[in-house]
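Report on the following structure.
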Amino acid sequence: MIPSPFDYAAPTTVAQALDLLADAGDDVKVLAGGQSLIPVMKLRMADPTMVVDLGRISELTGVTDDGDSLLIGAMTPHHVIAKDLLIATYAPLLAQAAATVADPQVRHRGTLGGALVHADPAGDMPAPVLALDATLVVAGPHGERSIAAADFFQGYFTTAVQEGEILTHIRIPKYVGWGSHYEKFTRVAQQWSIVAVAAMVRVEGGAIAAARIGLTNMASTPLRARGVEAALAGCALEADAIATACAQAADGTEPASDLNGDAAYRRHLSQVLTKRAVLSAAGL
Amino acid sequence: MASSKTITVEVDDVSYTDDVEPRLLLVQYLRERLGKTGTLIGCDTTNCGACTVHLDGVSVKSCTMFAVQADGHQVTTIEGMATDGKLAPLQEAFHQCHALQCGFCTPGMIMQSASLLKENPHPSEAEIRDGLEGNLCRCTGYQNIVAAVKSVADGVEYGDSGVSASLEDAQNAGVS
Ligand SMILES: Cc1cc2nc3c(=O)[nH]c(=O)nc-3n(C[C@H](O)[C@H](O)[C@H](O)COP(=O)(O)OP(=O)(O)OC[C@H]3O[C@@H](n4cnc5c(N)ncnc54)[C@H](O)[C@@H]3O)c2cc1C
Ligand code: FES
Ligand code: FES
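As given, the protein sequences belong to chains A and Y, one line each in that order. In our numbering, each number is its position in the first sequence, counted from 1, plus 78. In our numbering, each number is its position in the second sequence, counted from 1, plus 118.
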């Protein structure tokens with residue numbers, strides 16, 4: 079399958095990329111790892127006349143220690159996220175989720191930024207980013223703006239990134255003293271999540287002091303399970319009490335029905351997987 | 119009409135400079151421009167792994183990359199795995215462990231196995247299966263593929279089976 083013809087530019091700085099986007103008009107697409115965009119272009123579901131490849135902008139790749147947060151370049155590929163030492167130390171949830179994306183070849187090319195802007199409801203990176211209370215840094219013709227993860231995911235395959243803008247960095251607060259776990263449910267290897275749960279738990283004095291729960295594929299956007307979070311705050315470190323708190327996981331969700339499962343099945347999965355994720359994050 | 123781009127790519131240790139349309143996929147460039155038909159197209163949808171090659175030493179699916187993205191980079195295909203006419207250890211192991219039947223998945227399997235062993239020289243059986251999750255085989259049931267990769271990780275010496283790694287020899291023998 080061959081995409082429609084397009085012009086191609088590979089800028090080496092963000093400033094050049096923004097200029098190219100501004101000049102190219104409506105029919106332009108940003109290319110990151112290409113692991114979602116190229117398949118879509120081959121199917122001709124996207125047929126941009128201009129493609130701006132971010133692959134040669136070195137300032138967009140890598141993980142840096144920035145005081146009380148980590149700054150991750152949007153072009154950092156999944157396989158680096160999965161193995162990076164800073165991420166393993168301060169945000170292991172992100173590493174664990176990245177290791178479940180697709181297969182090794184796709185993880186070598188696909189990027190964190192691409193996965194977030196693509197915003198597939200079944201994508202594995204948005205829910206952890208939401209649970210980690212990350213901030214997304216976006217550059218555009220009028221400068222840079224920072225968007226809280228809670229405001230970034232706006233709908234089905236839709237984010238706060240506007241035409242002419244580029245997601246440049248993901249800022250994640252350093253988490254010390256938290257446990258985390260990403261629990262992904264799939265049918266076979268190399269599969270998108272049917273449902274998955276990203277859990278962050280802080281245990282203090284034999285009880286859960288705080289919890290943050292992100293849900294994958296339970297609506298058109300990733301969701302926080304705020305009811306579960308509230309019920310877990312102060313909850314005893316005990317399986318039955320945690321299970322009771324996690325029974326609210328499906329509240330306020332709007333999961334789709336498809337060949338992998340109907341909405342009722344997904345609601346049930348969300349409760350079971352939230353319990354598993356929280357137990358594991360709490361070290362039980 | 120979209121304009122073409124000049125790219126320079128090192129493929130299997132030889133440098134090539136070519137004009138390509140930006141929409142040309144890397145796998146088409148390898149097969150149709152360079153004649154390197156050892157890299158196969160199975161699904162053309164990023165699922166089967168038959169098109170796996172190395173880009174700067176790591177595995178990628180060449181049906182999901184444009185040739186222009188490889189400009190200035192190094193590509194290794196299955197045709198660059200043998201040295202001095204001798205099969206690479208993984209190729210020899212696939213041959214001797216009977217890790218193929220029709221052979222369609224084999225180039226991709228070997229390229230992905232090589233990438234896996236580079237990242238994890240001593241994988242467990244489970245890690246080999248995980249590492250090959252992006253490569254599909256319709257024939258073997260995977261048992262002997264996993265055994266072949268494990269044997270190379272375990273340092274099994276196969277010696278030289280005498281199978282020629284040369285394309286001309288294969289063509290002369292009526293295999294193509
Ligand atoms: C076989 C297969 C299986 C997969 N399985 C999974 C899975 O299990 N879980 C999962 O989460 N994902 C999965 N993926 C998708 C994978 O995670 C992709 O890497 C990801 O969705 C897109 O990242 P990318 O870097 O390849 O982006 P691209 O494909 O290059 O871009 C995706 C979209 O985002 C835009 N974009 C990219 N980067 C930026 C940026 N910095 N600023 C502005 N816009 C940008 C592009 O214009 C495009 O619209 C799978 C993909 C394949 C092919
Ligand atoms: S042909 Fe590329 S993955 Fe199947
Ligand atoms: S040997 Fe036939 S597909 Fe693997």
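From the three backbone atoms N, C-alpha and C, an ideal C-beta is built for every residue, glycine too.
With hydrogens ignored, establish whether the beta-carbon of residue i is closer than 8 Å to any heavy atom of ligand 2.
i	result
residue 233(Y)	no
residue 220(Y)	no
residue 275(A)	no
Considering only heavy atoms of ligand 1, does any lie closer than 8 Å to the CB of residue i?
i	result
residue 107(A)	yes
residue 230(Y)	no
residue 195(A)	yes
residue 326(A)	no
residue 269(A)	yes
residue 202(A)	yes
residue 184(A)	yes
residue 239(A)	yes
residue 220(A)	no
residue 140(Y)	no
residue 114(A)	yes
residue 428(A)	Within the shown structure, residues of chain A are numbered from 79 to 362, placing residue 428(A) beyond reach of any answer.
By a C-beta neighbour count over all protein chains shown, 10 Å radius and 16 as the cutoff for buried, is residue i buried or exposed?
i	result
residue 337(A)	exposed
residue 167(Y)	buried
residue 127(Y)	buried
residue 141(Y)	buried
residue 313(A)	buried
residue 93(A)	exposed
residue 266(A)	exposed
residue 261(Y)	exposed
residue 183(A)	buried
residue 239(Y)	exposed
residue 132(Y)	exposed
residue 150(Y)	exposed
residue 359(A)	buried
Measure the alpha-carbon distance for residue i versus residue j and round it to whole angstroms.
i	j	result
residue 237(A)	residue 180(A)	22 Å
residue 216(Y)	residue 270(Y)	14 Å
residue 311(A)	residue 255(A)	15 Å
residue 251(A)	residue 288(A)	15 Å
residue 81(A)	residue 212(A)	35 Å
residue 121(A)	residue 163(Y)	9 Å
residue 129(A)	residue 205(A)	28 Å
residue 20(A)	residue 98(A)	Outside the displayed range of chain A (79 to 362) lies residue 20(A), so it cannot be described from this structure.
residue 196(Y)	residue 161(Y)	18 Å
residue 344(A)	residue 246(A)	33 Å
residue 175(A)	residue 100(A)	34 Å
residue 258(Y)	residue 220(Y)	9 Å
residue 222(Y)	residue 222(A)	49 Å
residue 185(A)	residue 176(Y)	10 Å
residue 306(A)	residue 286(A)	12 Å
residue 203(A)	residue 172(A)	7 Å
residue 123(Y)	residue 139(Y)	6 Å
residue 89(A)	residue 134(Y)	22 Å
residue 362(A)	residue 277(Y)	50 Å
residue 139(A)	residue 233(Y)	21 Å
residue 208(A)	residue 243(Y)	34 Å
residue 166(A)	residue 146(A)	15 Å
residue 296(Y)	residue 206(Y)	The structure shown does not extend to residue 296(Y), since chain Y spans only 119 to 294, so no value can be given for it.
residue 296(A)	residue 317(A)	24 Å
residue 204(Y)	residue 194(Y)	16 Å
Cβ-heavy atom distance between residue i and ligand 3 below 8 Å?
i	result
residue 128(A)	no
residue 256(Y)	yes
residue 215(Y)	no
residue 227(Y)	yes
residue 157(Y)	no
residue 224(Y)	yes
Does any CB atom of chain C fall closer than 9 Å to the CB of residue i?
i	result
residue 239(Y)	The structure shown contains no chain C; the protein chains it does contain are A and Y.
**Study point:** Cβ contact check for the stretch 148-155 of chain A and the stretch 179-199 of chain A: 3 or more pairs under 8 Å
**Key:** yes
Check your understanding: Is the number of C-beta pairs between the stretch 225-240 of chain Y and the stretch 261-273 of chain Y that are closer than 8 Å three or more?
Key -> Output reads yes: the stretch 261-273 of chain Y touches the stretch 225-240 of chain Y.
Point to revise | Validate contact between the stretch 98-118 of chain A and the stretch 175-184 of chain Y using beta carbons, cut 8 Å, 3 pairs | key: yes
Practice item. Would you list, in chain order, the members of the stretch 155-174 of chain Y that have their beta-carbon closer than 7 Å to a beta-carbon of chain A? Key: 162, 163, 164, 167 and 170
**Study point:** Near-chain Y residues of the stretch 172-194 of chain A (beta-carbon distance less than 8 Å), N- to C-terminal order
**Key:** 180, 181, 182, 183, 184, 186 and 187
Point to revise | the stretch 200-219 of chain Y touching the stretch 145-163 of chain Y, judged by at least three CB pairs closer than 8 Å | key: no
**Study point:** Cβ pair count under 8 Å reaching 3, the stretch 217-231 of chain A against the stretch 269-277 of chain A
**Key:** They do not touch, by the three-pair rule.
Exercise for review: Name all residues in chain order for which at least one heavy atom of ligand 5 lies closer than 6 Å to the residue's CB.
Suggested key: Although ligand 5 was asked about, the structure shown includes only ligand 1, ligand 2 and ligand 3 as ligands.
Check your understanding: What residues in the stretch 127-150 of chain A have a beta carbon less than 7 Å from any beta carbon of chain Y?
Key -> So the list reads 129, 131 and 133, given in the order they occur along the chain.
Check your understanding: Contact between the stretch 274-281 of chain A and the stretch 350-360 of chain A: three or more CB pairs below 8 Å?
Key -> yes
Check your understanding: For the stretch 252-271 of chain Y, which residues have a beta carbon sitting closer than 7 Å to at least one beta carbon of chain A?
Key -> 252
Practice item. Select from the stretch 82-97 of chain A all residues with a C-beta closer than 8 Å to any C-beta belonging to chain Y, and list them in chain order. Key: 82, 83, 84, 85, 86 and 88
Practice item. Using a Cβ-Cβ cut-off of less than 9 Å, list which residues of the stretch 180-194 of chain Y approach chain A; keep chain order. Key: If the cut-off is 9 Å between Cβ atoms, the stretch 180-194 of chain Y has 181, 182, 183, 184, 186, 187, 189 and 190 near chain A.
Practice item. Would you check if there are 3 or more beta carbon pairs closer than 8 Å linking the stretch 203-213 of chain Y to the stretch 237-247 of chain Y? Key: no
Check your understanding: Just by C-beta distance, which residues in the stretch 153-170 of chain A are closer than 7 Å to chain Y?
Key -> none
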